[in-house]
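Since the structure comes first, as structure tokens, the remarks are kept for the end.
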Ligand code: HEM
């Protein structure tokens, strides 16, 4: 949003706003996903309480990105938006990624963690990996020619995703890097008032 602050959004401001909100959404999503593996691999868990806030920032920027599309691209033309989401696969992927962030933001409060129970809450919040994968597909798909940046971001996303799968392979049971370290990694960050994690 630096460009908006200095009043220089270039020749195509809508494209610039879409780009800025998109990149911030993806970078914040990557930052959210990086926090747990950093704690897991280094045993330095000081960043864990920040994960919730970074997750909420991700959702906030996702909302800005989606709002740019709804308001500036389509000016609230719901029919055209539905058609676009259904017909253009890269928009379908982005929409899926965004929609999956909603339950995570909604269940981010202390009360929701308590209501769902830690186990169910953690299972639900694994949707963040599905959301990020949809976001990466969306990014790769919309790129016209130069795949370097979307490719780099997809590669960066593969790191926490790979660690997550290695740590607890879905199909083969709990045989991770070091099962004794799992409990610390899995500890929920202390919920904060009106805070949450995407
Ligand atoms: C997890 C959610 C999402 C992420 C991480 C994400 C990320 C991105 C990224 C990285 C770009 C490329 C920006 C650029 O290089 O200029 C992009 C472009 C775009 N996104 Fe998203 N996006 C998400 C959700 C959505 C949603 C929900 C919509 C609308 C339904 C949407 C519509 C668009 C559009 C229209 C573009 C521009 C494509 C173009 O220039 O042709 N995105 N998004």
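Residue numbers (my numbering): 1 to 198. Just so you know, even glycine gets a beta-carbon here, dropped at the ideal spot from N, CA and C. The structure presented is a predicted model; accordingly, all values stated were derived computationally and were not measured.
Query raised in the report: From residue 14 to residue 71, what distance separates their C-alpha atoms?
Result: Straight-line measurement puts the Cα of residue 71 at about 10 Å from the Cα of residue 14.
Report task. In the DSSP assignment, find the unbroken alpha helix (DSSP H) run with residue 82 in it and report its ends. Result -> Where residue 82 is concerned, the enclosing alpha helix (DSSP H) stretches over 78-87.
Query raised in the report: Helix or strand or just coil, what does DSSP make of residue 43?
Result: Reduced to three states, the DSSP call for residue 43 is coil.
Query raised in the report: Looking at C-beta atoms only, is the number of pairs between the region 24-44 and the region 145-161 that lie closer than 8 Å three or more?
Result: When C-beta atoms of the region 24-44 are compared with those of the region 145-161, three or more pairs fall below 8 Å, so the two segments count as touching.
**Report entry** For residue 199, the three-state DSSP class (helix, strand or coil)
**Finding:** Residue 199 lies beyond the stretch modelled for the chain, which goes from 1 to 198, so this question has no answer here.
Query raised in the report: Under the three-state reduction of DSSP, which class applies to residue 73: helix, strand or coil?
Result: DSSP places residue 73 within a helical segment (H, G or I) once states are collapsed to three.
Query raised in the report: How long is the line joining the alpha carbons of residue 62 and residue 43, rounded to whole angstroms?
Result: Roughly 30 Å separates the two Cα atoms.
**Report entry** Spatial neighbours of residue 147 in its chain, beta-carbon cut-off 8 Å, leaving aside the 5 residues before and after
**Finding:** Closer than 8 Å at Cβ, skipping near neighbours: 140.
Query raised in the report: Anyone know if the C-beta pair for residue 94 and residue 39 falls short of 8 Å?
Result: Residue 39 is positioned such that its CB atom lies no closer than 8 Å to that of residue 94.
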